[in-house]
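Here the protein sequences come in this chain order: R and G.
Position 159, counted from 1, in the first sequence is what the working numbering calls 1088; the numbers after and before it change by one each time, with no gaps.
Position 103, counted from 1, in the second sequence is what the working numbering calls 1032; the numbers after and before it change by one each time, with no gaps.
The C-beta atom is built at its ideal place from N, Cα and C for all residues, glycine as well.
Note that this is a predicted model, so its numbers are computed, not measured.
Protein chains: 2
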Amino acid sequence: MDQKAPHIDWISQFPGLAGMEAPVRERLTAESTIISVPKGTVIFGPGKAPENLLLLLAGTVRVHQTSESGRDIVLYRVSAGESCVLTTACVLAYEDYLAEGVAETDVQAVAIPRRVFEELIAESPVFRRFVFTAYSRRITDLFFVIEEIAFRRMDIRLAQKLVELPAPGGVIATTHQDLAAELGTAREVVSRQLKEFQRRGWVELARGEIRITDRDALKALHADG
Amino acid sequence: MDQKAPHIDWISQFPGLAGMEAPVRERLTAESTIISVPKGTVIFGPGKAPENLLLLLAGTVRVHQTSESGRDIVLYRVSAGESCVLTTACVLAYEDYLAEGVAETDVQAVAIPRRVFEELIAESPVFRRFVFTAYSRRITDLFFVIEEIAFRRMDIRLAQKLVELPAPGGVIATTHQDLAAELGTAREVVSRQLKEFQRRGWVELARGEIRITDRDALKALHADG
Chain R
930 MDQKAPHIDW
940 ISQFPGLAGM
950 EAPVRERLTA
960 ESTIISVPKG
970 TVIFGPGKAP
980 ENLLLLLAGT
990 VRVHQTSESG
1000 RDIVLYRVSA
1010 GESCVLTTAC
1020 VLAYEDYLAE
1030 GVAETDVQAV
1040 AIPRRVFEEL
1050 IAESPVFRRF
1060 VFTAYSRRIT
1070 DLFFVIEEIA
1080 FRRMDIRLAQ
1090 KLVELPAPGG
1100 VIATTHQDLA
1110 AELGTAREVV
1120 SRQLKEFQRR
1130 GWVELARGEI
1140 RITDRDALKA
1150 LHADG
Chain G
930 MDQKAPHIDW
940 ISQFPGLAGM
950 EAPVRERLTA
960 ESTIISVPKG
970 TVIFGPGKAP
980 ENLLLLLAGT
990 VRVHQTSESG
1000 RDIVLYRVSA
1010 GESCVLTTAC
1020 VLAYEDYLAE
1030 GVAETDVQAV
1040 AIPRRVFEEL
1050 IAESPVFRRF
1060 VFTAYSRRIT
1070 DLFFVIEEIA
1080 FRRMDIRLAQ
1090 KLVELPAPGG
1100 VIATTHQDLA
1110 AELGTAREVV
1120 SRQLKEFQRR
1130 GWVELARGEI
1140 RITDRDALKA
1150 LHADG
């Protein structure tokens, strides 16, 4: 999945790197590579430490955590124009880490080797700010995940998720398990709530799909929250 | 709360700083101050950005988040021998941040000014590793908070908390509100569960205190989880 970087000006796709000192900019371009990662690839995870900091040019990486009991929580997604700093630091510094990053779509990314990353941190105030800003955004994301899971009613969160998900022809292709991971709860909780929505005539359930039959009702429940 | 650092060798209290380059070590000692913060002081929070990175010599800082609905979640605690890096980065880089750090006890800490922090990051590989390790530990803490809130049964978590809290003479001095913040849930959830524990004869409830009457039963519930 490695190929040498063609000389495209990818730096301009990352606003946080604007104003980067010219020599640093040149080194960053010269010493990083652009990689393509097919959908479904595990980019990092337990036993698979990333050797590179990734800056995403296209696609999405889903970062999720698997609990000891084998259940999944989606922690956040990294999108084009963003970096994977949080997990890089985790894996660089600390072993006991169960989160995993998976290419949710085909992904194109700039890979900055660890050595270059360290040099840039040392030499470039702009790069430092870029990295610390990315950290604090991810941490803020995690705080929101915590708040959502702790305090927002599950029926409202599930209704909101159903309204948001792509539903070509009114049908969402998903499993109760995947919805549970998105919402940070157990599959049984999602199944129970979906059955209640079905009883109210808002959805129809079938294997691997959910047909939305009353989108307005789902939206209204969301608005009430 | 500021006083000039006496020449005590506080660096040895932070294992991550062992092996620090001698000139960097001297600068760090010379340019930081040791501060005392009385119990209850808000050290940082919304509208109160920290100007210093704090390394704790004694005491505990509780970092908690207040949701839009006014409810509290305890995110983590910083103890002696640890640093406040996570929140420093957040407040340095990004405005939209609702967490607050409060001295839970009288606190003694080394305060490293922002300018010195930046210089050390630039110049010292040991300091960089110290900071990134601290980041990844805090992030791992947050992942555990998420997992706990999402997946562990509230009755078991509450029983465990009651067993852990100091209970001189068998009495825990706390409110349902404080317990709810610790557990990342709503006060009503805690009150309902405590009443159930009281019904089973495990605790007796009074204003501002909880008397443990069957510690073994609480422990057994915990062990079953």
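Spatially closest choice to residue i from the options, by CA coordinates
| i | options | result |
| --- | --- | --- |
| R:V1045 | R:R956, R:L1108, R:D1145, R:K1148 | R:R956 |
| R:D1001 | R:E1011, R:F1073, R:A1109 | R:A1109 |
| G:F1098 | G:W939, G:I1139, G:F1056, G:E960 | Residue identity differs from the one stated: residue 1098 of chain G is Gly in this sequence, not Phe. G:G1098 has its Cα closest to that of G:I1139, out of G:W939, G:I1139, G:F1056, G:E960. |
| G:S967 | G:A1135, G:V1031, G:G948 | Per the sequence shown, residue 967 of chain G should be read as Pro rather than Ser. With distances taken between Cα atoms, G:P967 lies closest to G:V1031. |
| R:V990 | R:A1096, R:E1029, R:T958 | R:E1029 |
| R:I964 | R:R954, R:L983, R:P975, R:P979 | R:L983 |
| G:S941 | G:P979, G:G976, G:T962, G:G1010 | G:G1010 |
| R:H1105 | R:P975, R:R1116, R:A978 | R:R1116 |
| R:I1075 | R:Y1005, R:R1144, R:F1061, R:E1033 | R:Y1005 |
| G:R1086 | G:L1123, G:R1128, G:P952 | G:L1123 |
| R:R1043 | R:T962, R:P1095, R:A1096, R:L1091 | R:T962 |
| R:G1137 | R:P975, R:G1113, R:D1107 | R:D1107 |
| R:F1073 | R:G1113, R:G988, R:G976, R:A978 | R:G1113 |
| R:W939 | R:P952, R:T958, R:P975 | R:T958 |
| R:E1033 | R:S1065, R:V992, R:K977 | R:V992 |
| G:G988 | G:K977, G:A978, G:V1007 | G:V1007 |
| R:E1047 | R:V953, R:P944, R:F943 | R:V953 |
Whether residue i touches residue j by CB criterion (7 angstroms)
| i | j | result |
| --- | --- | --- |
| R:N981 | R:I1041 | yes |
| R:V1132 | R:F1126 | yes |
| R:S1012 | R:A1063 | yes |
| G:E1111 | G:V1003 | yes |
| R:L1134 | R:A1088 | no |
| R:G948 | R:V1100 | no |
| R:L946 | R:F1059 | yes |
| R:R1067 | R:L1015 | yes |
| R:E960 | R:S1053 | no |
| G:D1145 | G:G1130 | no |
| G:I1178 | G:A1096 | Since the first residue of chain G shown is 930 and the last is 1154, residue 1178 of chain G is not available in this structure. |
| R:L1071 | G:L1071 | yes |
Simplified DSSP assignment, three categories, for residue i
| i | result |
| --- | --- |
| G:K968 | coil |
| G:Q942 | helix |
| R:P952 | helix |
| R:D1145 | helix |
| R:A959 | helix |
| R:L1043 | Note that residue 1043 of chain R is Arg in the sequence shown, not Leu. R:R1043: helix per DSSP, three-state reduction. |
| R:R1129 | coil |
| G:G1154 | With a pLDDT of 46 at G:G1154, under the threshold of 50, the modelled position of that residue is not reliable, and the figure given next carries that caveat. Here G:G1154 sits in coil by DSSP. |
| G:A947 | coil |
| R:E1138 | strand |
| R:M930 | Residue placement at R:M930 is poorly supported in this model, since its pLDDT is 48, which falls under 50; the coordinates are not used for a value here. |
| R:G976 | coil |
| R:E1155 | In the structure as shown, chain R begins at 930 and stops at 1154. Residue 1155 of chain R is therefore absent and cannot be evaluated. |
Assess contact between the region 969-987 of chain R and the region 1075-1086 of chain R, defined as three or more Cβ pairs (one per stretch) separated by less than 8 angstroms. Is contact present?
Verdict: no, contact absent.
Scan the region 1047-1124 of chain R and note each continuous beta strand (DSSP E) run of 3 residues or more that stays entirely inside, going in chain order.
With a minimum length of 3 residues, the unbroken runs of beta strand (DSSP E) contained wholly in the region 1047-1124 of chain R fall at 1100-1102.
Taking one C-beta from the region 988-996 of chain R and one from the region 1029-1038 of chain G each time, how about it: are there three or more such pairs within less than 8 angstroms?
In this structure the region 988-996 of chain R does not lie against the region 1029-1038 of chain G, because fewer than three pairs of beta carbons, one per stretch, are closer than 8 angstroms.
Please give the ranges of any beta strand (DSSP E) in the region 978-1016 of chain G, keeping only runs that are unbroken, at least 3 residues long and fully inside the region.
With a minimum length of 3 residues, the continuous beta strand (DSSP E) runs that stay inside the region 978-1016 of chain G are 981-987, 989-995, 1001-1008.
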